[in-house]
Structure formats: structure tokens, C-alpha cells
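Numbering (the UniProt record's numbering), first residue to last: 1 to 312.
This report refers to the structure that appears directly beneath it.
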């Protein structure tokens, strides 16, 4: 018994999404198709914004950053999940688990701050259009981008500092398809109640606080527009509806993970799939399909790529 207490867990075993091979094969096809769409869609947005001079504006700069973050967030866990669906025993090394936790919180925290930056950009564009280019200058864009990544890094490093030295001596089964803090902490060989509360409260507070701040900013924008022009209200609603959709899709599962007090594993896994696969797939669709300038630029880039391929 003494020997067991001092042993070290070198890997964790995922229980996965389902024990049924039929469901796993269906999920394999579903996740593979959507992940390819996530990679292609978000990569194409980053490429389009980078190479089309018509899109060298603050809004598209922030949109390209959102696509890059969505691509990275999905890549942290989804390829591993897809490959695990083909195996009965699904394992991940201790170092791999820590890496997943770090990058999921890094990208998640960065996206939260970036969505706030995008709301600020829309506020300036709608409420102070004459000062837009003065306020949203290149220095401001770089500041917003660097701030998003820096705050995401600080958030993730802080979370990881609480748990990286926890002792693990068994069990090593995680009832999920990826590593995240709540389930990871529960496996430690010590009383982790206070630590679980701190880590969960930290992520929950950030999620709720960011979502509240975003919705308050949207309400403020709409109220400001209505005061000056009732006809501009419908246009502002149309512009902000895409942002609201992205915010709900992203923050909804996050708040459920860290605020809902009753563990419901099937729902948790379903919401995790939404956060890691569906939302990164829908984000480029929501922003590009509603934006004529973006669609025109993508068609222009597609034509150039086809012409270049024909020359080769």
C-alpha cells in the first residue's frame, strides 16, 4: 500500500464519448469532416485577410486572429479525439494531458479577450464612425491582439500553476475525450475540494464576467444608436447579431462546465464537442456568409489560386 501511494501516474486513460463502436464510427466520420472544414475555413480566412489589401482594416485583422485562435483551439484536442475513436484503449501521457490543459485554457482565455476587443471595435465603428480610423489605428490593433494573447497566457499559466505538481498515484481514468482541469484534479491523491473550487471559480468568473461585459456593451451600442437614429437600429442589430451568435456559442458551454454545480457527463461531452468542433466551424461561416466584402475577397483569392495552379 505504501508503494502504491508513492507511485507516479505516467499516463491517463480516456473513457471516451461512447462504448458503442457504431456510435464511435459515426463520430469519427462526423468529427473528421467538421475538423477538415474548421482547418480549411479558418485557414482560408487568415490567408484572405493577409493577402487581400481591401481587407487590411481593424475589423478583418481581429477576425483573422479569431480564426487563428479557433483553428488552434480545435487542433489541441480534436485530432487526438478522432484517432482515439479507432482504438479501444484511449490513452494520453501525463505530459500530453498537461499540454492539452495549458493550450485549451490559453486559447480559450485569448478568445474571450479577443471577443471583447471585437465588441470594442464594433462600438467605435457604430457609435463613433468619424473617429474610427483615428482610434482603431495600427498601434491600437496590435495592442488589442497582444493583450488578448498575453491575458490568455497569464490565465492558463495561473491555472496550471495550481495543478502541475499535484501527486497522482491512481486511478488514472478520465471520463471524457480530452484533458481538462476539473476531471484532472479529481484524480489527485489528496483532498482537492478547495483547489477544485479555486480553479473552477477562476474560469467560471472569467467566463461569466466576459459574457456580461460583452452583452452590456452590445446593449449600450444599441441604446446609443437608437438615441441618434431609429433607422440605424436595424443595421446595428444586423451587424451585432453575428457577434452575439459567436458569444453564445462560445461562452454557453464554458459557463456550463465551470458554473453548473451538478456533474452531467453526457451533457458535458456534448457541449465540449460544440466548443471544440462546432463553434470553430460556425465562426467563419457566421462572419463570412454575412459579409459581402469578405465573400468577394475570398472569390478573388480563389480565382488567383486557380490561375496559379493552371500555370504550374
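Even for Gly, the Cβ is constructed at its ideal location relative to N, Cα and C.
Just so you know, these numbers come straight off a predicted model, no measurement behind them.
Under the DSSP definition of a beta bridge, which residues are partnered with residue i?
i, result
"residue 92", "12"
Taking buried to mean at least 16 other C-beta atoms within 10 Å of its own C-beta, is residue i buried or exposed?
i, result
"residue 207", "buried"
"residue 108", "buried"
"residue 4", "The predicted model places residue 4 with a pLDDT of 41, which falls under 50 and marks its position as unreliable, so this point remains unresolved."
"residue 117", "buried"
"residue 192", "buried"
"residue 299", "exposed"
"residue 292", "exposed"
"residue 240", "buried"
"residue 216", "exposed"
"residue 90", "buried"
"residue 297", "buried"
"residue 225", "buried"
"residue 294", "buried"
"residue 111", "buried"
"residue 131", "exposed"
"residue 27", "buried"
"residue 167", "exposed"
"residue 20", "exposed"
"residue 54", "exposed"
Starting from residue i, follow the alpha helix (DSSP H) in both directions and report where the run begins and ends.
i, result
"residue 158", "138-163"
"residue 72", "58-84"
"residue 186", "181-186"
"residue 313", "Any property of residue 313 remains undetermined from this structure, which presents the chain solely from 1 to 312."
"residue 27", "21-51"
"residue 133", "132-135"
Does residue i come out as helix, strand or coil in the three-state DSSP assignment?
i, result
"residue 3", "In this predicted model, residue 3 has a pLDDT of only 40, less than 50, meaning its place in the structure is not dependable; the value taken from the coordinates is given anyway. Helix."
"residue 101", "helix"
"residue 302", "helix"
"residue 174", "strand"
"residue 167", "coil"
"residue 268", "helix"
"residue 123", "helix"
"residue 294", "helix"
"residue 200", "helix"
"residue 18", "coil"
"residue 191", "coil"
"residue 128", "coil"
"residue 218", "helix"
"residue 87", "coil"
Determine, using beta-carbon pairs with one atom in the stretch 57-77 and one in the stretch 31-48, whether at least three such pairs fall under 8 Å.
Cβ pair count under 8 Å is three or more, so yes.
Assess contact between the stretch 169-177 and the stretch 8-21, defined as three or more Cβ pairs (one per stretch) separated by less than 8 Å. Is contact present?
Output reads yes: the stretch 8-21 touches the stretch 169-177.
Are the stretch 68-79 and the stretch 274-287 touching by the rule of at least three beta carbon pairs closer than 8 Å?
Flag = yes, the stretch 68-79 and the stretch 274-287 touch.
Kindly confirm or deny that the stretch 289-308 and the stretch 90-103 touch, where touching means at least three C-beta pairs closer than 8 Å.
Too few Cβ pairs lie closer than 8 Å, so no.
Stretch pair the stretch 183-200 + the stretch 154-167: three plus CB contacts closer than 8 Å
Yes: the two stretches touch, three or more of their Cβ pairs being nearer than 8 Å.
Segment contact flag, the stretch 110-128 with the stretch 22-35, C-beta cutoff 8 Å, min 3 pairs:
Contact between the stretch 110-128 and the stretch 22-35 is absent, because fewer than three Cβ pairs lie under 8 Å.
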